[in-house]
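Colleague:
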Amino acid sequence: MRGTVFNNLRENKEVIKKLYWENEFPMQEIAKHFGCSRQSISKLSKELEINGVKTSSRCIREKHQGWKGGICKFPRNGIIITTGRNKQRLEHALIAEKILGRNLRKGEVVHHINGNNYDNRNENLLICTQSYHARFHHKMSDIYMREHFN
Ligand SMILES: [Zn+2]
Numbered sequence: 150m151r152g153t154v155f156n157n158l159r160e161n162k163e164v165i166k167k168l169y170w171e172n173e174f175p176m177q178e179i180a181k182h183f184g185c186s187r188q189s190i191s192k193l194s195k196e197l198e199i200n201g202v203k204t205s206s207r208c209i210r211e212k213h214q215g216w217k218g219g220i221c222k223f224p225r226n227g228i229i230i231t232t233g234r235n236k237q238r239l240e241h242a243l244i245a246e247k248i249l250g251r252n253l254r255k256g257e258v259v260h261h262i263n264g265n266n267y268d269n270r271n272e273n274l275l276i277c278t279q280s281y282h283a284r285f286h287h288k289m290s291d292i293y294m295r296e297h298f299n
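Here you go:
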């Protein structure tokens with residue numbers, strides 16, 4: 150019985166590596182996905198090349214040899230893309246630069262018009278200065294406060 154579980158995990162090594170390193174699935178989730186216990190996964194973690202990291206901290210992951218780059222989502226910032234070893238960029242900044250045909254200058258930021266930091270469609274991106282951006286958000290929260298609490 151045990152052996153079957155291990156063989157199943159071994160056969161899916163590449164998938165498991167991808168889930169762990171790129172999609173940041175914790176071992177618990179991977180176990181659920183494959184219908185086995187977390188213990189089975191950790192027993193094989195060395196063989197599956199998902200060992201060596203205790204937390205889901207991205208910084209630690211990136212230093213690990215198993216990290217091959219990829220896309221991570223971060224609730225506050227939006228989508229982060231690894232463009233090289235130790236190099237991360239915000240996806241919406243890369244898109245904005247493509248539209249502009251130049252790099253973003255110091256003090257220029259990209260605002261998500263609909264408030265969804267994952268929505269990087271061209272029409273949802275507004276390039277503005279940091280101070281305008283701050284004022285804009287201030288105004289937005291003003292309006293929100295007035296509409297909801299007055
Ligand atoms: Zn904004």
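If you number the sequence shown the way our numbering does, the last residue is 299 and the count never jumps.
We put the beta carbon where it would ideally sit given N, CA and C, even for glycine.
For the region 275-287 against the region 244-262, do three or more pairs of beta-carbon atoms, one drawn from each stretch, fall closer than 8 Å, so that the two count as touching?
Modeller: Three or more Cβ pairs drawn from the region 275-287 and the region 244-262 lie within less than 8 Å of each other, which places the two stretches in contact.
Colleague: Do residue 176 and residue 190 have their C-beta atoms within less than 7 Å of each other?
Modeller: The answer is yes: Cβ separation under 7 Å.
Colleague: Count the other C-beta atoms from every protein chain shown that fall within 10 angstroms of the C-beta of residue 193, then say buried if there are 16 or more, exposed otherwise.
Modeller: Buried, since its Cβ has 16 or more Cβ neighbours within 10 Å.
Colleague: Can you name, in chain order, every residue of its own chain whose Cβ lies under 6 Å from the Cβ of residue 265, other than the five neighbours on each side?
Modeller: none
Colleague: Considering only DSSP beta bridges, list what residue 238 is partnered with.
Modeller: Answer is 230, bridged to residue 238.
Colleague: From the DSSP output, which residues share a beta bridge with residue 259?
Modeller: 276
Colleague: Beta-carbon within less than 6 Å of residue 269's beta-carbon, same chain only, minus the 5 sequence neighbours each way: which residues are those?
Modeller: 240, 241 and 244
Colleague: Measuring alpha carbon to alpha carbon, tell me which of 158, 163 and 198 ends up nearest residue 181.
Modeller: 158
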